[in-house]
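Engineer: Protein sequences appear in the order of chains G and C.
Using my numbering, read the first sequence as starting at 22 and increasing by one per residue.
Using my numbering, read the second sequence as starting at 22 and increasing by one per residue.
By construction, the Cβ of each residue, glycine as well, lies at the ideal position given by its N, Cα and C atoms.
As the structure is a prediction and not an experimental result, all values here were calculated from the model.
My questions all concern the structure below.
Protein chains: 2
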Amino acid sequence: MQDLTYEEGYACWLRYHAVEDEPLRQSYLRACASIAMPGASTVLDAARRELSDGLRAMLGTAPAPASAEDASIVAGVFGSDPRLGAKSLTGAEGVRLDEDGFVIRRSIDGPIVLAANTERGVLYAAFRFLKLLQTGASIERLDVTDSPANRLRMINHWDNMDGSIERGYAGRSIFFRDGRFVEHLSRIRDYARLLASVGLNAVSINNVNVHAAETRLIAEDLLPDVARVADVFRAYGVRLFLSVNYAAPIELGGLATADPLDPEVAEWWAERAETIYRYVPDFGGFVVKADSEFRPGPFTYGRNHADGANMLADALAPHGGIVVWRCFVYNCLQDWRDRKTDRARAAYDHFKPLDGRFRDNVALQIKNGPMDFQVREPVSPLLGGMTNTNQLMELQITQEYTGQQRHLCYLVPQWKEALDFDTYARGEGSLASEAASGALFDRLIGGLAAVSNIGDDPNWTGHPLAQANFYGFGRLAWDPRAAADDIAREWIRMTFGGDPQVIRVVSDMLLQSWDIYESYTAPLGVGWMVNPNHHYGPNVDGYEYAKWGTYHFADRQGIGVDRTVASGTGYTSQYHSPRSDRYESLSACPDELLLFFHHVPYTHLLASGKSVIQHIYDSHFEGADRAAELLARWDSLQGAVPEATFREARERFVHQAEHAKEWRDQINTYFYRKSGIPDAHGRTIY
Amino acid sequence: MQDLTYEEGYACWLRYHAVEDEPLRQSYLRACASIAMPGASTVLDAARRELSDGLRAMLGTAPAPASAEDASIVAGVFGSDPRLGAKSLTGAEGVRLDEDGFVIRRSIDGPIVLAANTERGVLYAAFRFLKLLQTGASIERLDVTDSPANRLRMINHWDNMDGSIERGYAGRSIFFRDGRFVEHLSRIRDYARLLASVGLNAVSINNVNVHAAETRLIAEDLLPDVARVADVFRAYGVRLFLSVNYAAPIELGGLATADPLDPEVAEWWAERAETIYRYVPDFGGFVVKADSEFRPGPFTYGRNHADGANMLADALAPHGGIVVWRCFVYNCLQDWRDRKTDRARAAYDHFKPLDGRFRDNVALQIKNGPMDFQVREPVSPLLGGMTNTNQLMELQITQEYTGQQRHLCYLVPQWKEALDFDTYARGEGSLASEAASGALFDRLIGGLAAVSNIGDDPNWTGHPLAQANFYGFGRLAWDPRAAADDIAREWIRMTFGGDPQVIRVVSDMLLQSWDIYESYTAPLGVGWMVNPNHHYGPNVDGYEYAKWGTYHFADRQGIGVDRTVASGTGYTSQYHSPRSDRYESLSACPDELLLFFHHVPYTHLLASGKSVIQHIYDSHFEGADRAAELLARWDSLQGAVPEATFREARERFVHQAEHAKEWRDQINTYFYRKSGIPDAHGRTIY
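So, in structure tokens, the structure goes:
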């Protein structure tokens with residue numbers, strides 16, 4: 022495992038390439054000659070180590086320890102040394118500086134000051150400072166003030182204790198193996214570094230589908246192991262959460278019920294919380310998937326989700342923990358013959374009536390779209406729909422429906438669309454990102470959570486370029502206003518170094534990849550044309566007769582789901598005006614979501630001027646061609662990226678090019694056979 | 022496990038109900054007062070025990086032991102006592118009496134004589150005699166001479182050593198558990214009884230897909246266990262076979278190759294055979310799935326199937342063993358876009374050129390149809406196509422594609438169609454059953470083999486009525502001319518007793534069940550409209566874009582596979598004339614196979630006068646209604662069949678009725694959406 026292949030992919034964006042521009046290196050060396058870091062703690066130790074190791078790798082020499090008066094770099098918590106300034110310090114642009122924020126300042130020829138309200142802030146400042154050098158920035162003058170937009174910046178793992186990962190495409194769990202915690206935690210430590218380096222501060226380590234083994238994670242025999250892992254994360258400023266089984270009072274506690282209004286149940290959870298906090302004093306809290314896809318929950322007892330979440334919240338509140346309550350609730354035993362029930366409506370219908378009834382330490386975790394991480398969905402109307410409830414937007418880094426880390430699909434542009442979505446909840450400019458952060462409705466808790474794409478593969482993510490999604494999520498969780506192309510470029514620089522050709526080619530590939538993937542898979546927002554269960558590869562009718570509420574209703578005349586108020590399920594009414602009107606209108610509805618909101622004939626003309634059927638043919642032919650070009654473009658980088666990375670990615674691009682043809686042919690054939698309308702350009706359809 | 026429920030289902034057709042007609046019981050008692058069975062051996066002991074136990078159960082008293090001169094029943098091998106007569110004895114109808122045949126004779130008031138050439142024949146005579154009493158026959162005068170039509174009457178188990186059963190729907194393996202042989206063999210003994218009671222004489226106990234664990238069944242550490250099981254079967258006249266891994270010389274023997282023409286490989290197998298026969302002196306031989314669905318085989322070494330089979334045959338020949346070589350060979354990595362390759366052609370194309378090149382102790386095992394046990398297929402053209410090669414017809418008792426023992430599907434009528442199929446290989450009347458038995462081409466080895474439907478469920482087969490398929494296969498393997506309704510009636514009598522209502526209702530249900538199942542599932546011979554992998558439930562396009570060579574090519578105009586010589590794959594030419602002409606002709610092709618041989622518009626008129634689309638609608642609506650009637654008819658038997666059996670079956674009939682609606686609606690909706698042609702009767706299609 023210690024060969025070059027491993028090391029190269031393993032380091033991700035913390036590879037710290039040596040600075041090759043000699044004048045620049047000299048200027049860096051001068052500015053980083055020595056360092057002082059008052060105070061001692063595991064988090065400060067981590068920051069100190071990162072600065073030392075990172076600078077040594079990039080400059081050839083680590084900064085010498087010095088006293089604060091003499092040091093060229095002074096890093097620490099405000100007030101811990103006169104040169105760090107007092108807590109009142111704010112940045113040049115007046116940015117609010119919350120507990121995770123930091124400043125990086127340098128006057129000409131003065132010392133470099135990395136200062137923050139908390140030790141975690143100091144660690145973030147250290148990583149940010151290192152990034153300046155990784156990306157070749159000038160550090161002659163510095164005046165950076167930064168604070169995360171989101172208080173909670175979380176990764177959800179869907180790891181099981183047998184070592185498997187639900188929807189994992191990069192090996193086995195780094196936490197569990199064969200029903201137990203792994204013995205050696207060094208990989209978890211390296212993972213915690215990666216999280217901290219992009220400002221992520223929370224992690225839930227087990228699957229939201231909590232099976233028998235994981236139900237025991239809150240039992241005393243396993244809590245010592247939980248505590249060991251929490252210690253590792255704590256050193257990097259990351260709080261540990263656990264997914265819990267709502268039926269744990271029965272399965273673990275031996276009670277007769279898990280009814281949230283039963284005092285014995287509440288007491289059981291309170292006692293559990295107390296025990297957990299004895300082992301993990303900064304325990305983050307619980308992540309809960311309740312009454313969803315056969316998981317137990319308050320519905321069993323005739324209670325609602327507020328009853329269910331608040332009871333857990335009360336158990337955690339005395340200790341500072343929170344409940345992350347997922348809104349992925351719908352009827353998963355739907356009859357495909359029933360066209361009135363609409364899964365897209367479900368989360369809003371369930372949760373909107375409960376707005377304002379959740380405790381302050383509950384956050385509802387809302388998937389970005391109303392269905393389930395499809396390549397294209399509208400934004401969930403719950404984001405901006407709930408005005409008196411803490412919200413988290415849930416994204417999926419692991420590429421369940423977007424190529425499973427065998428296809429390239431840089432998801433940051435997709436996430437950006439969701440974050441920048443105008444909900445109109447407080448009039449124009451009411452962005453979904455601000456509904457999630459809490460800013461829109463002055464909520465204290467808010468943020469982003471995302472399902473991890475990492476496993477024990479040597480390069481963490483299977484596809485080497487899928488690391489960009491992990492990185493990108495962290496960046497957006499800190500700053501949702503960051504641009505997708507900026508994130509791509511800085512990730513490439515940090516990962517592969519400064520070769521302009523690599524930056525240009527890889528950033529082009531990344532930025533086009535979502536569009537490419539969408540174009541040869543699901544047309545016009547309709548989704549779900551995948552093989553059941555594993556969700557890989559084309560199957561147009563794969564979910565058409567299923568119980569999951571996932572239909573496209575294609576017949577020989579047309580396709581799409583009528584979700585209008587006028588003639589369909591009325592889902593469009595869950596949005597604020599004018600958004601709702603736009604979706605309701607066949608002519609105003611954006612092309613890319615047309616089939617999500619409307620059932621139209623194949624001959625319907627899109628805003629683009631093309632018919633629906635010709636759009637399907639064109640996008641699939643072009644998409645497959647563009648997938649083939651990805652391979653050609655990657656091939657142009659041979660020698661310019663590490664050989665092992667080149668090979669690992671190339672193997673996947675070869676597969677993607679071939680598999681895109683399969684997508685193209687199956688989908689085109691399906692619609693040609695159904696519509697009988699030939700391709701205007703006479704290309705081969707089977 | 023010893024409660025009544027268990028006992029009732031467990032005994033199958035050997036329940037030996039007490040004779041309730043008192044005069045009849047008295048006549049039986051008089052005729053069976055005492056018994057003499059000269060000789061001693063495990064097989065004769067089994068016969069003696071069966072007669073004693075069976076008569077006691079039916080009559081209240083077991084026959085008393087007596088000397089041959091005084092006994093009312095004399096049973097044994099010809100010549101072992103004067104009253105048994107000499108070997109030259111043949112039956113009244115001049116039936117040839119081979120090694121497994123027997124006679125049962127009685128002159129008025131004379132003793133009952135059960136005599137045979139072999140001890141196994143005596144055992145068969147005993148079971149036959151018991152059946153006379155089970156079915157209430159008069160035994161005042163008896164002159165039965167019977168001999169099996171097939172020399173090999175075999176069951177194939179697809180059991181794995183982990184205890185799972187590939188395509189098993191009745192629990193886990195009775196042979197293996199957790200990687201080892203089961204400890205207690207009593208259930209295997211009871212199974213051997215059931216086999217012998219219907220004249221089955223061969224069994225292969227492990228899956229034709231031979232994985233690593235089962236490859237070791239021919240290794241010395243496992244052969245003692247194999248021998249223990251063979252001993253159990255031997256006592257009931259059943260020879261044990263093993264499925265072998267063609268790559269065993271490499272995986273087990275450590276050789277560099279498994280090339281059949283390599284002398285070292287041949288020597289390795291010869292040595293293995295010798296070892297096996299040291300443990301199992303009457304070992305039957307090897308069953309081989311080679312070069313099929315990713316199994317290794319001679320193709321790897323550029324050899325053909327004759328090379329592959331003959332090498333194994335030479336290893337077994339000195340010991341009297343045979344090679345059963347499966348013909349299920351086709352391209353399982355086909356491209357759905359390629360319409361020239363036709364899986365239906367594959368077995369014939371592979372094996373026909375090798376006719377005459379196989380050793381005399383090789384038998385080719387040919388599935389009844391050219392595809393894979395679909396609810397409706399034509400008969401394989403290899404049956405009757407090979408004139409100089411031993412053949413076995415392979416049937417599937419386990420209901421992989423026919424309802425998985427949750428739907429009722431009595432398969433004997435389907436098998437009868439295959440057995441009675443006129444191949445025209447030697448002119449009119451050249452039945453497939455005689456191609457299989459060897460009679461048609463004067464081959465010494467021939468017979469039937471079938472994939473077992475039993476497991477460790479208390480009632481063996483899951484669905485209580487699925488026992489009829491197990492029984493029926495045994496009966497047809499002995500006598501392919503037996504009628505499906507006779508077999509049904511005798512099975513019902515033996516299983517449930519003589520209640521005329523039960524006999525009438527259950528036999529009606531059994532005899533209609535295949536037709537019912539076909540009518541709500543696959544229309545007009547097209548097949549494969551099932552969910553991939555597990556093969557349960559409707560999925561019209563489930564195999565349409567797959568690699569398995571299984572397509573229906575439905576588009577908005579029509580459906581079916583053109584397998585004609587004139588315009589299609591030419592598969593029809595594999596049959597002898599006039600069969601080939603009939604299939605080639607659109608007008609002469611039987612309706613039920615129309616879409617197997619022809620691609621036609623939905624508006625095409627069938628011989629029945631209906632259009633194809635209306636036939637699809639009608640058969641699916643009627644089929645679902647008839648499935649619901651099965652439940653109602655079964656309900657009429659409450660109290661008339663054992664309560665546990667009633668409940669077990671009822672649960673399945675409830676499911677079948679509901680699932681038939683799902684089949685109906687999915688298939689009708691699919692074709693309505695595709696064709697746009699409404700149902701002539703305006704019934705609901707979604």
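(1) Please check if any C-beta of chain G sits within less than 8 Å of the C-beta of C/Asp686.
(2) Where in the region 100-151 of chain G do unbroken runs of the beta strand (DSSP E), each at least 3 residues long, occur, reported from the N-terminal end onward?
(3) Is it true that the CB of G/Gly468 sits closer than 8 Å to the CB of G/Ala453?
(4) Where C/Ala248 and C/Glu295 are concerned, what is the direct C-alpha to C-alpha distance, given to the nearest angstrom?
(5) Is the number of C-beta pairs between the region 50-59 of chain C and the region 89-100 of chain C that are closer than 8 Å three or more?
(6) Output, in sequence order along the chain, the residues in the region 575-593 of chain C whose CB is closer than 8 Å to any CB in chain G.
(7) For the beta strand (DSSP E) holding C/Thr63, just list the boundary residues, first then last.
(8) Per DSSP, what kind of secondary structure is G/Phe304 in: helix, strand or coil?
(9) Kindly identify the DSSP beta-bridge partner or partners of C/Glu415.
(10) Report the residue from G/Leu105, G/Gly81 and G/Val582 whose alpha carbon sits nearest the alpha carbon of G/Met392.
(11) Any chance you could list the beta strand (DSSP E) runs of at least 3 consecutive residues sitting entirely within the region 550-631 of chain C, in chain order?
(12) If you reduce the DSSP assignment to three classes, tell me which class G/Leu173 lands in.
(13) Give me the Cα-Cα distance between G/Ala147 and G/Arg70, rounded to the nearest whole angstrom.
(14) Along the chain, which unbroken stretches of the alpha helix (DSSP H) at least 4 residues long are found entirely within the region 250-289 of chain C?
(15) Answer with yes or no whether the minimum CB distance from G/Ala113 to chain C is below 8 Å.
(16) Taking the alpha carbon of G/Thr166 as the point to measure from, which residue in G/Arg149, G/Pro553, G/Gly157 and G/Gln155 has its own alpha carbon closest?
(17) State yes or no: is the beta carbon of G/Arg694 nearer than 8 Å to at least one beta carbon in chain C?
(18) May I ask you to list, following chain order, the residues of the region 629-646 of chain C that have a beta carbon less than 8 Å from some beta carbon of chain G?
(19) Does the separation of the CB atoms of G/Glu539 and G/Val433 fall below 8 Å?
(20) Mapping the DSSP letters down to three states, classify C/Ser93 as helix, strand or coil.
(21) Give, in chain order, every residue of the region 187-210 of chain G whose Cβ lies closer than 7 Å to some Cβ of chain C.
(22) DSSP on G/Trp346, reduced to helix/strand/coil?
(23) If we cut at 8 Å on Cβ distances, does G/Gly697 have a partner in chain C?
(24) Looking only at its own chain, which residues have a Cβ that is under 6 Å from the Cβ of G/Tyr596, when we skip the five neighbours before and after it?
(25) So, does the CB of G/Asp183 fall closer than 8 Å to a CB anywhere in chain C?
(26) Against chain C, does G/Asp562 count as a neighbour if the rule is that its beta carbon must be under 8 Å from one of theirs?
(27) Which partner residues of G/Val433 appear in the DSSP bridge assignment?
(28) With distances taken from CA atoms, which of G/Pro599, G/Ser588, G/Ala384 and G/Arg584 is nearest G/Phe618?
(29) Are any of the Cβ atoms in chain G nearer than 8 Å to that of C/Tyr566?
(30) Could you check whether the Cβ of C/Tyr322 sits closer than 8 Å to any Cβ belonging to chain G?
(31) Where does C/Ser225 sit, in a helix, a strand or coil, going by DSSP?
(32) Which of the three DSSP states, helix, strand or coil, is assigned to C/Pro399?
(33) Name the DSSP bridge partner or partners of G/Thr166?
(34) Pull up the DSSP beta-bridge partners for C/Gln426, would you.
(35) Return the CA-CA distance between C/Ile516 and C/Trp34, expressed in angstroms with no decimal places.
(36) Taking the CB atoms as reference points, tell me whether G/Phe372 and G/Thr408 lie closer together than 8 Å.
Structural biologist: So, to answer that:
(1) Residue 686 of chain C sits at position 665 when you count from the first residue of the second sequence. Taking a beta-carbon distance threshold of 8 Å, C/Asp686 counts as an interface residue toward chain G.
(2) Given a length threshold of 3 residues, each whole run of the beta strand (DSSP E) inside the region 100-151 of chain G is given here in chain order: 123-127 and 133-137.
(3) By 1-based counting over the first sequence, the position of residue 453 of chain G is 432. By 1-based counting over the first sequence, the position of residue 468 of chain G is 447. Contact: no.
(4) To locate residue 248 of chain C, count along the second sequence from 1; it is residue 227. To locate residue 295 of chain C, count along the second sequence from 1; it is residue 274. Separation of C/Ala248 and C/Glu295 (C-alpha to C-alpha, rounded to the nearest whole angstrom) is 14 Å.
(5) Cβ pair count under 8 Å is three or more, so yes.
(6) Against chain G - using a Cβ distance shorter than 8 Å - the residues of the region 575-593 of chain C are Ala575, Asp576, Arg577 and Gln578.
(7) For the purposes of this step, residue 63 of chain C is taken as the residue at position 42 of the second sequence. First-last for C/Thr63: Thr63 to Leu80, but that is the alpha helix (DSSP H), not the beta strand (DSSP E).
(8) Here residue 304 of chain G refers to the residue found at position 283 of the first sequence. In the three-state scheme derived from DSSP, where H, G and I count as helix and E and B as strand, G/Phe304 is classed as coil.
(9) Within the second sequence, residue 415 of chain C is the residue found at index 394, counting from 1. C/Glu415 pairs with C/Lys388 and C/Ala470.
(10) To locate residue 392 of chain G, count along the first sequence from 1; it is residue 371. The candidate whose alpha carbon is nearest that of G/Met392 is G/Val582.
(11) Along the region 550-631 of chain C, the beta strand (DSSP E) does not occur as any fully enclosed run of 3 or more residues.
(12) Numbered from 1 along the first sequence, position 152 holds the residue referred to as residue 173 of chain G. DSSP places G/Leu173 in the strand class (E or B) of the three-state scheme.
(13) For the purposes of this step, residue 147 of chain G is identified with residue 126 of the first sequence, where counting begins at 1. For the purposes of this step, residue 70 of chain G is identified with residue 49 of the first sequence, where counting begins at 1. Between G/Ala147 and G/Arg70, the C-alpha separation is close to 10 Å.
(14) List check, alpha helix (DSSP H) in window: 269-272.
(15) To locate residue 113 of chain G, count along the first sequence from 1; it is residue 92. Interpretation of G/Ala113 is limited by its pLDDT of 49, a score under 50 that renders its predicted location unreliable; the figure taken from the coordinates is listed afterwards. It does not; no Cβ of chain C falls within 8 Å.
(16) For the purposes of this step, residue 166 of chain G is identified with residue 145 of the first sequence, where counting begins at 1. If we check each option's Cα against that of G/Thr166, G/Arg149 comes out closest.
(17) Residue 694 of chain G sits at position 673 when you count from the first residue of the first sequence. At least one C-beta of chain C is nearer than 8 Å to the C-beta of G/Arg694.
(18) Those residues of the region 629-646 of chain C that come within reach of chain G (Cβ to Cβ, closer than 8 Å) do not exist; the list is empty.
(19) Indexing the first sequence from 1 puts residue 539 of chain G at position 518. Indexing the first sequence from 1 puts residue 433 of chain G at position 412. Result no, Cβ atoms of G/Glu539 and G/Val433 do not sit closer than 8 Å.
(20) Along the second sequence, read from residue 1 onward, the residue named residue 93 of chain C stands at position 72. Collapsing the DSSP output to three states places C/Ser93 in coil.
(21) Answer set for the region 187-210 of chain G: empty.
(22) In the first sequence, the residue the question calls residue 346 of chain G occupies position 325. Three-state DSSP puts G/Trp346 in a strand.
(23) Reading the first sequence from its first residue, position 676 is the one you call residue 697 of chain G. Interface annotation, G/Gly697: in contact with chain C, CB-CB separation under 8 Å.
(24) As a first step, residue 596 of chain G is located in the first sequence; it is residue number 575 there, counting from the start. Only residues of its own chain outside the window of five on either side were considered, and among them Pro402 have a CB closer than 6 Å to the CB of G/Tyr596, listed in chain order.
(25) Sequence index remark: in the first sequence, residue 183 of chain G carries index 162 (1-based). No, G/Asp183 lies away from the interface with chain C (no Cβ there is under 8 Å from its Cβ).
(26) Within the first sequence, numbered from 1, the residue matching residue 562 of chain G stands at position 541. Output row for G/Asp562: interface = yes.
(27) As a working note, residue 433 of chain G is residue 412 in the first sequence. G/Val433 pairs with nothing; no bridge assigned.
(28) Position 597 of the first sequence, counted from the start, is the residue given in the question as residue 618 of chain G. Per the C-alpha coordinates, the member of G/Pro599, G/Ser588, G/Ala384 and G/Arg584 positioned closest to G/Phe618 is G/Arg584.
(29) Residue numbering aside, residue 566 of chain C sits at position 545 when the second sequence is read from its first letter. Yes, its Cβ sits closer than 8 Å to a Cβ of chain G.
(30) Position 301 of the second sequence holds residue 322 of chain C. No, no contact with chain G.
(31) Mapped onto the second sequence, residue 225 of chain C falls at position 204. DSSP, read as helix, strand or coil, puts C/Ser225 in strand.
(32) Residue mapping note: residue 399 of chain C aligns to position 378 of the second sequence, counting from 1. In this structure, C/Pro399 counts as coil in the three-state DSSP scheme.
(33) Taking the first sequence and counting its residues from 1, one reaches residue 166 of chain G at position 145. Under DSSP, G/Thr166 takes part in a beta bridge, and its partners are G/Val124.
(34) Indexing the second sequence from 1 puts residue 426 of chain C at position 405. Residue pairing by DSSP places C/Gln426 in no beta bridge whatsoever.
(35) Start at 1 with the first residue of the second sequence, and residue 516 of chain C comes out as number 495. Start at 1 with the first residue of the second sequence, and residue 34 of chain C comes out as number 13. Here the sequence assigns Thr to residue 516 of chain C, which means Ile is not the residue at that position. In a straight line, the C-alpha of C/Thr516 is about 4 Å away from that of C/Trp34.
(36) Numbered from 1 along the first sequence, position 351 holds the residue referred to as residue 372 of chain G. Numbered from 1 along the first sequence, position 387 holds the residue referred to as residue 408 of chain G. No.
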